[in-house]
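A short write-up of the structure that comes next.
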Amino acid sequence: MLFSSLVFPVNRMALLYCVVILLFSACEAKLQLPQGVNIKAVFAFGDSIVDQGNNNNLTTRAKCNFLPYGKDFMGGKPTGRFSNAKTPPDMIVEELGIKELMPAYFDPNLKVEDLKTGVSFASGASGYDLLTAITATAIPLSAQLLLFQQYKLKLEGLIGEEEANYIVKNSLFLVVTGSDDLVNTYFTLKIPRKWQYNIDSYTNLMVNGASNFVQDLYTLGARKIWVFGIPPIGCLPSQRQKSGGLARVCVEEYNQAAQLANTKLAAKIDSLSEILPQSELVFINIYDPLLDLIDNPDKYGFEEVKRCCCRPGKNKFLLCNNHTKTCEDDTKYLFWDGYHLTEKGYRVLVDQIFKEEKSLALSMKLLSFKIYSFLVCYSLLLCYVKAVTRIPYNESIPAVIVFGDSIVDTGNNNGLKTVSKVNYPPYGQDFMGGKPTGRFSNGKVPADLIVEELGIKELLPAYLDPTLQPVDLITGVNFASGGAGYDPLTSELAKVISLSRQLEMFKEYILKLREIVGEDRKNEILANSLFILVTGTNDIINTYFNTPLRKSYYDVSSYADLLVRSASSFVQDLYGLGARRIGVFGIPPIGCLPSQRTLRGGEERECVDYLNQAAQLFNSKLAAELSSLGNKFPDSRMVYVDVYNLPLDVIYNPQKYGFKISDKGCCGTGKIEVAELCTFTCSSDSDYVFWDSFHLTEKAYRQLVHQILAQHLSSFF
Numbered sequence: 074m075l076f077s078s079l080v081f082p083v084n085r086m087a088l089l090y091c092v093v094i095l096l097f098s099a100c101e102a103k104l105q106l107p108q109g110v111n112i113k114a115v116f117a118f119g120d121s122i123v124d125q126g127n128n129n130n131l132t133t134r135a136k137c138n139f140l141p142y143g144k145d146f147m148g149g150k151p152t153g154r155f156s157n158a159k160t161p162p163d164m165i166v167e168e169l170g171i172k173e174l175m176p177a178y179f180d181p182n183l184k185v186e187d188l189k190t191g192v193s194f195a196s197g198a199s200g201y202d203l204l205t206a207i208t209a210t211a212i213p214l215s216a217q218l219l220l221f222q223q224y225k226l227k228l229e230g231l232i233g234e235e236e237a238n239y240i241v242k243n244s245l246f247l248v249v250t251g252s253d254d255l256v257n258t259y260f261t262l263k264i265p266r267k268w269q270y271n272i273d274s275y276t277n278l279m280v281n282g283a284s285n286f287v288q289d290l291y292t293l294g295a296r297k298i299w300v301f302g303i304p305p306i307g308c309l310p311s312q313r314q315k316s317g318g319l320a321r322v323c324v325e326e327y328n329q330a331a332q333l334a335n336t337k338l339a340a341k342i343d344s345l346s347e348i349l350p351q352s353e354l355v356f357i358n359i360y361d362p363l364l365d366l367i368d369n370p371d372k373y374g375f376e377e378v379k380r381c382c383c384r385p386g387k388n389k390f391l392l393c394n395n396h397t398k399t400c401e402d403d404t405k406y407l408f409w410d411g412y413h414l415t416e417k418g419y420r421v422l423v424d425q426i427f428k429e430e431k432s433l434a435l436s437m438k439l440l441s442f443k444i445y446s447f448l449v450c451y452s453l454l455l456c457y458v459k460a461v462t463r464i465p466y467n468e469s470i471p472a473v474i475v476f477g478d479s480i481v482d483t484g485n486n487n488g489l490k491t492v493s494k495v496n497y498p499p500y501g502q503d504f505m506g507g508k509p510t511g512r513f514s515n516g517k518v519p520a521d522l523i524v525e526e527l528g529i530k531e532l533l534p535a536y537l538d539p540t541l542q543p544v545d546l547i548t549g550v551n552f553a554s555g556g557a558g559y560d561p562l563t564s565e566l567a568k569v570i571s572l573s574r575q576l577e578m579f580k581e582y583i584l585k586l587r588e589i590v591g592e593d594r595k596n597e598i599l600a601n602s603l604f605i606l607v608t609g610t611n612d613i614i615n616t617y618f619n620t621p622l623r624k625s626y627y628d629v630s631s632y633a634d635l636l637v638r639s640a641s642s643f644v645q646d647l648y649g650l651g652a653r654r655i656g657v658f659g660i661p662p663i664g665c666l667p668s669q670r671t672l673r674g675g676e677e678r679e680c681v682d683y684l685n686q687a688a689q690l691f692n693s694k695l696a697a698e699l700s701s702l703g704n705k706f707p708d709s710r711m712v713y714v715d716v717y718n719l720p721l722d723v724i725y726n727p728q729k730y731g732f733k734i735s736d737k738g739c740c741g742t743g744k745i746e747v748a749e750l751c752t753f754t755c756s757s758d759s760d761y762v763f764w765d766s767f768h769l770t771e772k773a774y775r776q777l778v779h780q781i782l783a784q785h786l787s788s789f790f
């Protein structure tokens, strides 16, 4: 089977070339830029189409710093470029008259002058989907962005902040990726993406990733950004061989997926250009020009387009190696290997695209035109693009860090000796592949939905997850522990991770983060990340009302004061460790939990007023304390998040929100079961607000998170 990290979007290279052709004429001469247009440098992000050697020292199979790669390069030297010679970034900077070659950022021979005129941060086998890079052990886009931030600091140290900002503002940024997401992660790997998404929703995920990346570049100063579409990936030699039958025909399913992604991406780039002031965003259509080249090879001077020059033998889906035979004349071949074009292929493609777009390119300022291959479908695109909560264009949230209890615990309790864990079915029955992960629901929980809604990543991993990767630390993790509370006694009784211990783990995390990104970037991540604290319910229900240990010494009001003091102390500790954006969730209407209705609501199982009143009392005190802390720390954004009123409305008016049942859970009888007592479930959990007698279904959480973020997100800026 094809190794997932090795399906490199050959046609992407062509994508970059589309950019090139729009820049220069069909003649050999260097491009003459329109008057007033000044391109100081070119930067590339993405995958193997524009990777100039960044993968050379990674422990990955997605690299090619060996022969026959580069056999036609200067001196026949392999450099890590995925072709026989030059690749699109080289040709672009050459045609713009900037320099002859674009170096990789990780090139050990990188010179100061190279930093001033642009480098490539791209990594072969990366994609818009974070899972794509993780599977291939490549550099994800999020890390490429961090490298660019590191680059900016180096540049500022060399020439000063003002000049560095001028260069960035007047540079051309190329984003070339997406093919690996479709070919590798979705169609080849299949698990978990194809189980989790249909092609429509998966392309939405990709486009959201592209949108977030472009906005992040804009926030860092980029203004001229070209985003390449996906080529006809079904016509790659590797895919023809794998799925094209004896005739090696193009795989239509793959090409249709590429076209769907392109239509959505074109619409998204158009939308972003309207909301990002002074931006010059361009969608580059590479699909049609390359397909024409493939369908009519004689017209462009090629003899072979179904097979590649470099033949890896029996493993036709792997990269070539130094034992691989190559064709006698690579100028007759469009494709160098199963995924990438020959240098001639790219150069011809550049000419062909330029001829098609020449009148447009010459009639408008170089970086002010826009290419839309799929305008006919524009109205349909708007229906396809998945909405996410929008962050102000000049702001960013690099990571989300979560503390608290089972509402947000994504698996930290799995290895504890406690009854407060759920790493077994039916929990997680609607998660990826029906896998229980320790999340207290049928699927995702609020911690996941928040990072998804913000476009940061799909899931928020538990800090104690044994499969946690370093890249996960950069974008946030979860320290929450089911059964925890503000009162230390609450965690002690449940034998779970107390808030004080969660804070200690966070300190460990900070040290690890610093090792990965350095001191300055670590501080920047902490200052701009969103910190979420969700707890308190267990304190009131379990510790106060279910045991005499606190009730003997405190009335409800004084116990609420104890909880608020603990919350205040925790928030101030976070502030002292570098956090500035801190959201503290109130307590929901706990008297309406199915378990409390059963235990304390009488025969009619009514909501328990005194529990709800205790929650409201605590919430009012907490909101006041956070307001006071906000005044004490004016550079912070400490936000009280109301989760009482909206859930109460959902419970009282379930039909209004698309539910049928709100007084019991889907799990078991729905009246009392939780954790190990859940042995069977309802037939349709989408009808239920509650999953078990304490926790909500993913559907209910999703609605609440979306509305809560829409209401409160602006308060963090």
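The opening position of the sequence shown corresponds to residue 74 in the numbering used here, with each subsequent residue numbered one higher.
From the three backbone atoms N, C-alpha and C, an ideal C-beta is built for every residue, glycine too.
In terms of DSSP beta bridges, what is T754 paired with?
Taking the sequence shown and counting its residues from 1, the one referred to as residue 754 is at position 681. DSSP, once it has assigned bridges, lists C740 as partnering T754.
CB of G731 to nearest heavy atom of the ligand GDP: below 8 Å?
The model depicted lacks the ligand GDP and carries no ligand whatsoever.
I believe G791 touches T250 by the beta-carbon criterion, under 8 Å. Please report the beta-carbon distance rounded to the nearest angstrom.
Given that the chain is displayed from residue 74 to residue 790, the structure contains no residue 791 and the question cannot be resolved.
For G477, the three-state DSSP class (helix, strand or coil):
As a first step, residue 477 is located in the sequence shown; it is residue number 404 there, counting from the start. In this structure, G477 counts as strand in the three-state DSSP scheme.
Measuring CA to CA, which of R623, S639, G743, L695 is closest to R678?
As a first step, residue 678 must be located in the sequence shown, where it is residue number 605. Of R623, S639, G743, L695, the residue nearest in Cα terms is G743.
With DSSP as the reference, label L489 as helix, strand or coil.
On the sequence shown, position 416 is the one that residue 489 refers to. DSSP places L489 in coil when its eight states are reduced to three.
Classify C381 as helix, strand or coil using the three-state DSSP reduction.
Position 308 of the sequence shown, counted from the first residue, corresponds to residue 381. If DSSP states are grouped into helix, strand and coil, C381 belongs with the strands.
Does the beta-carbon of P498 have 16 or more other beta-carbons within 10 angstroms, so that it is buried, or is it exposed?
Start at 1 with the first residue of the sequence shown, and residue 498 comes out as number 425. That one is exposed.
So within the region 614–673, which uninterrupted beta strand (DSSP E) runs reach at least 3 residues, ignoring any that extend past its ends?
654–658
Where do the ends of the alpha helix (DSSP H) carrying Y291 lie?
On the sequence shown, position 218 is the one that residue 291 refers to. 272–292 is the span of the alpha helix (DSSP H), which, as asked, contains Y291.
Alpha helix (DSSP H) segment containing G230, residue limits
Numbered from 1 along the sequence shown, position 157 holds the residue referred to as residue 230. Residues 214–232.
Just mark M147 as buried or exposed, buried being the case when its beta carbon has 16 or more other beta carbons within 10 Å.
Translated into positions along the sequence shown, residue 147 becomes position 74. Result: exposed.
With three or more beta-carbon pairs closer than 8 Å as the criterion, would you say the region 764–781 touches the region 509–521?
yes
What's the gap between the Cα of I663 and the Cα of Y360?
Looking up residue 663 in the sequence shown gives position 590. Looking up residue 360 in the sequence shown gives position 287. For I663 and Y360, the distance between alpha carbons rounds to 55 Å.
Where E52 sits in the DSSP three-state scheme:
Within the shown structure, residues of the chain are numbered from 74 to 790, placing residue 52 beyond reach of any answer.
What are the boundary residues of the alpha helix (DSSP H) that I359 is part of?
For the purposes of this step, residue 359 is identified with residue 286 of the sequence shown, where counting begins at 1. From DSSP, I359 is part of no alpha helix (DSSP H); its letter is neither H nor E.
Within the same chain, show all residues whose beta-carbon is closer than 8 Å to that of I598, passing over the 5 residues directly before and after it, in chain order.
Residue numbering aside, residue 598 sits at position 525 when the sequence shown is read from its first letter. Closer than 8 Å at Cβ, skipping near neighbours: P471, A472, I547, L586, V590.
When burial is assigned at 16 or more other CB atoms within 10 Å of the CB, is K595 buried or exposed?
The sequence position of residue 595 within the sequence shown is 522, counting from 1. By the neighbour-count rule (16 or more Cβ atoms within 10 Å), K595 is buried.
Y19 versus Q351 - alpha carbon distance
The structure shown does not extend to residue 19, since the chain is modelled only from 74 to 790, so the question has no answer here.
Smallest Cα separation from P305: which of R266, D682, K379?
On the sequence shown, position 232 is the one that residue 305 refers to. P305 has its Cα closest to that of K379, out of R266, D682, K379.
Short of 7 Å in beta carbon distance, which residues of its chain neighbour L695, apart from the five on each side in sequence? Order them along the chain.
Residue mapping note: residue 695 aligns to position 622 of the sequence shown, counting from 1. Excluding sequence neighbours, L695 sits near V637, A640, V657, G659, Y713.
Among D145, G411, L407, L666, the one whose alpha carbon lies nearest that of V41:
An answer regarding residue 41 cannot be provided, because it is not within the stretch 74 to 790 covered by the chain.
State the DSSP-derived secondary structure class of V762, mapped to helix, strand or coil.
For the purposes of this step, residue 762 is taken as residue 689 along the sequence shown, with counting starting at 1. Of the three classes helix, strand and coil, the one that applies to V762 here is strand, per DSSP.
In whole angstroms, give me the CA-to-CA distance for K113 and E173.
Residue numbering aside, residue 113 sits at position 40 when the sequence shown is read from its first letter. Residue numbering aside, residue 173 sits at position 100 when the sequence shown is read from its first letter. Their backbone Cα atoms lie some 14 Å apart in a straight line.
Out of curiosity, what's the CA-to-CA distance linking N127 and L219?
Locating residue 127 in the sequence shown gives position 54, where the first residue counts as 1. Locating residue 219 in the sequence shown gives position 146, where the first residue counts as 1. Computed Cα separation, rounded: 14 Å.
On the DSSP bridge list, what partners appear for G119?
Here residue 119 refers to the residue found at position 46 when the sequence shown is read from its first residue. Partner(s): V249.
By how many angstroms is the C-alpha of Q645 removed from the C-alpha of I734?
On the sequence shown, residue 734 is found 661 positions in, with the first residue counted as 1. On the sequence shown, residue 645 is found 572 positions in, with the first residue counted as 1. So the two alpha carbons sit approximately 40 Å from each other.
Name the one or two DSSP bridge partners that N551 has.
The sequence position of residue 551 within the sequence shown is 478, counting from 1. Looking at the DSSP assignment, N551 forms a beta bridge with V475, A535.
What first and last residue would you give for the alpha helix (DSSP H) that runs through R313?
Position 240 of the sequence shown, counted from the first residue, corresponds to residue 313. 310–316 is the span of the alpha helix (DSSP H), which, as asked, contains R313.
For D765 and N285, I'd like the C-alpha separation in whole angstroms.
Your numbering for residue 765 matches position 692 in the sequence shown. Your numbering for residue 285 matches position 212 in the sequence shown. Their Cα atoms are separated by approximately 35 Å.
Short of 8 Å in beta carbon distance, which residues of its chain neighbour L541, apart from the five on each side in sequence? Order them along the chain.
By one-based count along the sequence shown, residue 541 stands at place 468. For L541, where only same-chain residues beyond five positions count, the Cβ hits under 8 Å are P534, A535, V550.
Nearest candidate by alpha-carbon position, reference N485, set I523, V492, L537:
As a position in the sequence shown, residue 485 is number 412, starting the count at 1. Ranking I523, V492, L537 by Cα distance to N485 puts L537 first.
State the Cα-Cα distance for the pair G153 and A177, rounded to the nearest angstrom.
The residue you call residue 153 lines up with position 80 of the sequence shown. The residue you call residue 177 lines up with position 104 of the sequence shown. Distance between the alpha carbons of G153 and A177: 9 Å.
Since R775 is in the alpha helix (DSSP H), which residue starts that stretch and which ends it?
The count along the sequence shown starts at 1 and reaches residue 775 at position 702. It spans 771–785 - the alpha helix (DSSP H) in which R775 sits, taken as one unbroken run.
Just list the residues that DSSP pairs Y178 with in beta bridges.
Taking the first residue of the sequence shown as 1, we reach residue 178 at position 105. In the DSSP output, where bridge partners are listed per residue, Y178 has none listed.
Nearest candidate by alpha-carbon position, reference Y761, set V322, L666, L750
Here residue 761 is taken as the residue at index 688 of the sequence shown, counted from 1. Selected option, being the one with the closest Cα: L666.
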